[in-house]
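Each remark here refers to the structure printed beneath this line.
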Amino acid sequence: MLSGQADMQVTINAINEGKVSYFLTKPCPSQHLIRTLMEAVEQYEVITSERVKLEGENLHKAIHGTVQAIVSMIERRDPYTAYHQERVKRLAGAIAGEMGLSGEQAEILVLAASIHDLGKIYVPAEILTKPGHITDLERALIETHPQVGYDILKTIEFPGPVSQIVQQHHERLNGSGYPLHLSGSQILIEARILGVADVVESLASHRPYRPAFTIDEALAEIRKNRGILYDPEVVDACLRVFQKGFTFD
9 MLSGQADMQV TINAINEGKV SYFLTKPCPS QHLIRTLMEA VEQYEVITSE
59 RVKLEGENLH KAIHGTVQAI VSMIERRDPY TAYHQERVKR LAGAIAGEMG
109 LSGEQAEILV LAASIHDLGK IYVPAEILTK PGHITDLERA LIETHPQVGY
159 DILKTIEFPG PVSQIVQQHH ERLNGSGYPL HLSGSQILIE ARILGVADVV
209 ESLASHRPYR PAFTIDEALA EIRKNRGILY DPEVVDACLR VFQKGFTFD
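Add 8 to a position in the sequence shown, counting from 1, and you land on the number used in our numbering.
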């Protein structure tokens with residue numbers, strides 16, 4: 009605040025009501041005024057930065073709280089899917105680290121992995137746990153789950169493409185996946201990582217219609233389809249992760 013008055017009450021009111029940082033009186037040397045203005049700008053930037061940081065921390069907590077609520081809902085409805093998602097999350101995070109994804113990318117991937125099968129809440133439990141062969145109609149219903157998950161999550165303001173990663177985790181490099189039949193670089197790298205982690209964990213787990221594969225057998229599947237169904241760099245990173253001692257247990 010720069011004033012030509014020295015009235016104390018006017019000064020006090022201006023400072024209290026206007027949130028003044030500095031009070032200068034005329035005549036004021038131009039260099040002093042410029043220096044004071046620069047200091048005021050710096051002070052404002054610090055205050056703004058702290059406010060943005062606090063808002064970011066609050067948003068981060070809110071997002072993780074939302075994801076945890078979704079995980080808890082899935083766990084109550086389908087404990088197997090919740091268990092599967094937790095294991096896939098761990099492997100996807102390990103692959104992301106091996107590939108050198110940024111911290112932000114890796115965090116978004118882990119968030120998506122922890123709820124990637126959310127859409128299965130719309131698939132009847134008797135289909136998901138059916139011990140025998142499923143019909144074409146039942147398969148078509150199961151294959152809606154990535155799109156259903158996307159539709160549920162798309163209105164949540166995540167700090168990254170969580171809903172799209174969920175939507176794309178069954179897409180395949182050659183375009184044979186679902187629901188959008190994307191191929192190659194059309195598929196987000198996070199979704200390509202999640203897709204590989206999902207396949208490996210699924211094969212290595214017991215299912216109502218088949219026994220669990222060994223880890224070597226599961227890895228042989230992604231190795232066989234490297235560059236066909238699965239991103240070569242992701243497959244190689246996944247193989248290295250297991251060579252370095254990763255386990256689901």
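The C-beta atom is built at its ideal place from N, Cα and C for all residues, glycine as well.
Give the C-beta separation of VAL174 and GLY185 to the nearest angstrom, bearing in mind that I take them to be a contact with Cβ-Cβ under 8 Å.
Incorrect: roughly 14 Å between the Cβ atoms, too far for contact.
Note down the Cα distance separating ALA220 from SER193, rounded to an integer number of angstroms.
31 Å
Counting C-beta neighbours from all protein chains within 10 Å, is the total for THR137 16 or more, i.e. buried, or is it exposed?
exposed
For ARG200, which of helix, strand or coil comes out of DSSP?
helix
Spatial neighbours of ILE23 in its chain, beta-carbon cut-off 6 Å, leaving aside the 5 residues before and after:
Since pLDDT at ILE23 reaches only 49, below the 50 mark, its modelled position is unreliable, and no value is offered.
Report yes or no: do three or more beta-carbon pairs, one from the stretch 69-78 and one from the stretch 88-103, lie closer than 8 Å?
no
Ends of the alpha helix (DSSP H) at ALA102?
87-107
To the nearest angstrom, report how far apart PHE250 and ASP224 are at their CA atoms.
10 Å
Going by beta-carbon coordinates alone, are VAL204 and ILE135 separated by less than 8 Å?
no
Buried or exposed by the 16-neighbour rule on C-beta atoms within 10 Å, applied to ALA228:
exposed
For VAL243, which residues in the same chain have their Cβ closer than 7 Å to its Cβ, ignoring the five residues on either side in sequence?
VAL204, ILE230, ARG231, ARG234
Beta-carbon proximity of ARG218 to GLU106, cut-off 8 Å
no
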